[in-house]
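In UniProt numbering, the protein residues as written are 1 to 620.
Below is one structure, written out as structure tokens; comments come after it.
Below you can see the structure in the form of structure tokens.
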């Protein structure tokens, strides 16, 4: 039984119209009315997408806006196309938006009426509309429009506390870097339109299949991906993310790290498979080699910088960057099993990361600080947040039976069949990021280990002296601040316990580019027999998950005792000094200067153009 096509535009329109109503009537409605209206709309969107996900099945739901259906494969209308992977990430968006709304009830309550007036929840709903629209659109220009709607609202949410210059600086960095990347994407769309005369994913893909690949197509491909790769915070386009996370309100961080960066990766995968995977696009070998290298670089850089942080929001932000690298690696393998595992991994990570940001918000609420050193032993009385934070760190490391562990195991198994060393990368990165969270949790909630040593000569972003997000930090801790993270961690556990066959089957539908094009254009389609990859726990996945957790615990324990260790051998001390200098060099690259980040954006695009150009010519 297929889903009614009209549910697709309704899924985009519902949060958009609700946000518009709140923006207009927010100052008139009482606070309770605004909160209830926002919660009901977020819950209704969740139910709508859940129905759409269930009724779409292992096929696609297609809706042409205004009835402008294609004729003989040609069209001038706008199309929405939903398969289970696209609808699934839209459903994940709805889950996290509802969680952010529930978490924010105390935030809404304590803002002055003149300052608040329904703006914050309205922005959250419009943000959701942009993300859902991007996940469901089948048109390249509309994908750009939805991505920019998402970005513009994210800028406003990041700089929501306009009275503080730090959020304004983070929002400005976010806005400028992502806008420049968006302009590059728009230029690439223009090149494709000039070459093919089409804007739909399916139409462009069919038009390119009738031509030979050339430099213009490669250039357009790199430019189009500039926006998604920047939103996904892949290196070297990632510099804006930690600065934005450090200053954005906690509910916003839950969405930025939980789903917005993942949508960037979804965009990369969707655009390549539908538009550029044919004979007239970008060779699979070129995409695989370049994106695999980019994924490995992003994963290692993110893990390294995550371990170096004392600002807890930046620590979690760099952890997101590290996992984005792992997700991009899974996409780059162009393998259905790897894609299925990555989808499960991404889902579990989104839930865990949103929960961890919510728990960091508890510390900010209580102590006005997110500095690991400053909070040393100060949160001993917060027993439930301490337990949840530890569970989040273990889940981030890939502890079975959490969804992160299942997705990591499936992705590792698929990756190991192609490159034997890739499972080691997954284990190392998940262990370092999970170990960093456990180290911070043990110091903050237990006062474990030696007090951290200050290094005035080392460039660090400190997290003390932050402005609390509430007006009365001394009052009793509101229940949503712990209930929402607990629910998100429970959902991650459910992802690992429930068989992931639906996601595995959805991965097979996702990579069927001919089927997507045929259904989107109402053409006869030959439906191949799609093999469903492994979607349950394996012995190797469990063992690698346990290995990652043990390694994370070892890293955390070593960090807590680090000042007690002294290297006596001259060669060991010299090696340690060399490593410290290399790490400091990497840390100095994250300067906080907008001009530096713009330069890195341009350098990254130039490197991608050169890499695809060289690999393409070599293949030819």
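For every residue, glycine included, the Cβ atom is placed at its ideal position computed from N, Cα and C.
Just so you know, these numbers come straight off a predicted model, no measurement behind them.
From the DSSP output, in three-state form, read off residue i for me.
i	result
residue 421	coil
residue 512	coil
residue 333	coil
residue 62	strand
residue 29	coil
residue 200	strand
residue 234	coil
residue 623	Given a span of 1 to 620 for the chain in the structure shown, any question on residue 623 remains unanswerable.
residue 83	strand
residue 137	strand
residue 71	strand
residue 590	coil
residue 112	In this predicted model, residue 112 has a pLDDT of only 48, less than 50, meaning its place in the structure is not dependable enough to derive any value.
Within 10 angstroms of its Cβ, does residue i collect 16 or more other Cβ (buried), or is it exposed?
i	result
residue 313	buried
residue 260	buried
residue 89	buried
residue 103	buried
residue 67	exposed
residue 565	Reliability of the predicted coordinates at residue 565 is poor, the pLDDT of 48 falling under 50, and the value obtained from them is presented with this limitation in mind. Residue 565 should be labelled exposed.
residue 476	exposed
residue 142	buried
residue 366	buried
residue 408	buried
Closer than 7 Å to a non-hydrogen atom of the ligand COA - does that hold for the CB of residue i?
i	result
residue 80	Only the bare structure without any ligand can be found here, which leaves the ligand COA out of the picture.
Return the CA-CA distance between residue i and residue j, expressed in angstroms with no decimal places.
i	j	result
residue 585	residue 340	37 Å
residue 488	residue 352	7 Å
residue 342	residue 242	23 Å
residue 219	residue 418	28 Å
residue 428	residue 557	16 Å
residue 415	residue 330	7 Å
residue 605	residue 239	14 Å
residue 600	residue 27	42 Å
residue 578	residue 370	30 Å
residue 7	residue 580	55 Å
residue 247	residue 170	6 Å
residue 413	residue 548	15 Å
residue 237	residue 231	8 Å
residue 567	residue 553	Bear in mind that the predicted position of residue 567 carries a pLDDT of just 48, short of 50, making it unreliable; the figure below should be weighed with that in mind. Cα to Cα, the separation comes out at about 22 Å.
residue 338	residue 30	49 Å
residue 133	residue 146	6 Å
residue 292	residue 521	32 Å
residue 400	residue 406	7 Å
residue 83	residue 262	17 Å
residue 91	residue 154	19 Å
residue 317	residue 519	39 Å
residue 277	residue 479	49 Å
residue 386	residue 196	56 Å
residue 360	residue 482	11 Å
residue 270	residue 507	11 Å
I think residue i touches residue j, with their Cβ atoms under 8 Å apart; what is that distance to the nearest whole Å?
i	j	result
residue 80	residue 136	5 Å
residue 298	residue 234	5 Å
residue 78	residue 139	5 Å
residue 398	residue 545	4 Å
residue 388	residue 485	5 Å
residue 101	residue 194	That belief does not hold up - the Cβ atoms of residue 101 and residue 194 are roughly 43 Å apart, past 8 Å.
residue 44	residue 22	Contact flag wrong, Cβ pair sits at about 14 Å.
residue 517	residue 205	6 Å
residue 99	residue 254	7 Å
Hey, is residue i's beta-carbon within less than 8 Å of any beta-carbon in chain C?
i	result
residue 148	You won't find chain C in this structure, because it holds only one protein chain.
Counting only runs that start and end within the stretch 140–169, where is the beta strand (DSSP E) found for 3 or more residues in a row? Scanning the stretch 140–169 from its first residue to its last, no whole beta strand (DSSP E) run of 3-plus residues comes out.
Runs of alpha helix (DSSP H) lying entirely within the stretch 345–432, each at least 4 residues, in chain order: Listed in chain order, the complete alpha helix (DSSP H) runs (minimum 4 residues) inside the stretch 345–432 are 383–397 and 403–418.
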